[in-house]
Amino acid sequence: MRGFLNGQFSVAQVYWFGFVLTGLGFTAAYKHINTLFLTTPGDNWDRVETAHYALIAVNLLWVCILLRALVKSAYNNRTPGGWGWIAIALASLNVLYTSYAAITVYFPSTYAPLSMLQAELREFKKQLPQRMDDTTIMTDVDLREDVLNYVVRVEFEADDLMQEHLDWDFSTETDSSREICVDLEGYFKAGLKAISYEFNYTNTTLKAELTAEECNAYLATLG
Numbered sequence: 001m002r003g004f005l006n007g008q009f010s011v012a013q014v015y016w017f018g019f020v021l022t023g024l025g026f027t028a029a030y031k032h033i034n035t036l037f038l039t040t041p042g043d044n045w046d047r048v049e050t051a052h053y054a055l056i057a058v059n060l061l062w063v064c065i066l067l068r069a070l071v072k073s074a075y076n077n078r079t080p081g082g083w084g085w086i087a088i089a090l091a092s093l094n095v096l097y098t099s100y101a102a103i104t105v106y107f108p109s110t111y112a113p114l115s116m117l118q119a120e121l122r123e124f125k126k127q128l129p130q131r132m133d134d135t136t137i138m139t140d141v142d143l144r145e146d147v148l149n150y151v152v153r154v155e156f157e158a159d160d161l162m163q164e165h166l167d168w169d170f171s172t173e174t175d176s177s178r179e180i181c182v183d184l185e186g187y188f189k190a191g192l193k194a195i196s197y198e199f200n201y202t203n204t205t206l207k208a209e210l211t212a213e214e215c216n217a218y219l220a221t222l223g
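Residue numbers for the sequence shown follow my numbering, beginning at 1 and rising by one.
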């Protein structure tokens, strides 16, 4: 391992085994974290969030170490050739993207383009449908016309008070919605208009929405 990280292997070996192979491992780990966010009860989310922060930190540290190893390998008793420079450029972009993604997670008020959200959703959709609990299954998620849409199937009937209950749950009067506002602040700055929820009950379909205006009004109270 020490030789690998000190540039004693070829550029191709460092890139493919270091960046590509371990990248697949990190992708699998992020998918597991996403599953935990969906299936873990709300009062245990802090543990999942801590694990998420730790995974991002390890990922960022690892790609930085690999970039150093790649550069040392490319300059090992020679000047980098064309493929060496391409590998260094791709690895540098990886480090930059991972660094920016980490900043947007650790500091959610940082501007985050909606293209990043689209990329996250493309990976997230691969895990759907996903059962969240005994009666709830998330079936779809997408970004349309700058609105983040979640579609959920609920395996029981909605009563006459359910719409009122949903409107309350997805308002800034609740802690869970306030956390959503904080987590998505960077995307609101990029033009995200709302988060929309569609609940397909066995007898009807109900919708709820948390708008950018509501979230920005709440965020303004935080100073």
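Think of the CB as a built atom: it goes at the ideal place given N, C-alpha and C, for glycine as much as any other residue.
- Assigned with DSSP and collapsed to three states, Lys193 falls in coil, not helix or strand.
- When secondary structure is reduced to three states using DSSP, Gln127 falls in the coil class, being assigned neither helix nor strand.
- The DSSP-derived three-state label of Asn59 is helix.
- Taking each of Tyr75, Leu38, Met116, Leu36 in turn and checking the Cα distance to Ser10, the smallest one comes out for Tyr75.
- A contact is defined here as three or more CB-CB pairs under 8 Å, and the stretch 53 to 66 meets this definition with respect to the stretch 13 to 24.
- Apart from sequence neighbours up to five positions away, the residues of its chain that approach Ala112 with a beta-carbon distance below 7 Å are Thr104, Gly186, Tyr187, Ala190, ordered along the chain.
- By the criterion of a C-beta distance shorter than 7 Å, Asn216 is surrounded in its chain by Phe188, once the five residues flanking it on both sides are discounted.
- When beta bridges are read from the DSSP output, Glu209 appears opposite Ser196.
- Taken atom to atom, the span from the alpha-carbon of Val48 to that of Tyr30 is near 11 Å.
- At the C-beta level, Lys207 and Glu213 stay beyond 7 Å of one another.
- Proximity to Ile180 across His32, Glu155, Thr211 peaks at Thr211, based on C-alpha coordinates.
- Annotated three-state conformation of Asp167 is helix, per DSSP.
- Counting along the chain, Asp140 sits inside the beta strand (DSSP E) bounded by residues 136 to 144.
- Residue environment for Tyr15: buried (at least 16 other C-beta atoms within 10 angstroms of its C-beta).
- By the neighbour-count criterion, in which a residue is buried when 16 or more other Cβ atoms sit within 10 angstroms of its Cβ, Arg2 is exposed.
- Cβ atoms of Leu148 and Leu90 stay farther apart than 8 Å, at about 30 Å.
- Beta-bridge analysis with DSSP links Tyr15 to no other residue.
- Asn216 sits in a helix when the DSSP states are folded into three classes.
- Take the alpha-carbon of Asp134 and the one of Leu114: they are about 32 Å apart.
- The Cβ atoms of Pro108 and Val154 lie no closer than 7 Å to each other.
- In the structure shown, the three-state DSSP call for Leu67 is helix.
- Within a 10 Å sphere around the beta-carbon of Gly81 sit fewer than 16 other beta-carbons, which makes this residue exposed.
- For Asn149, the secondary structure class from DSSP, reduced to helix, strand or coil, is strand.
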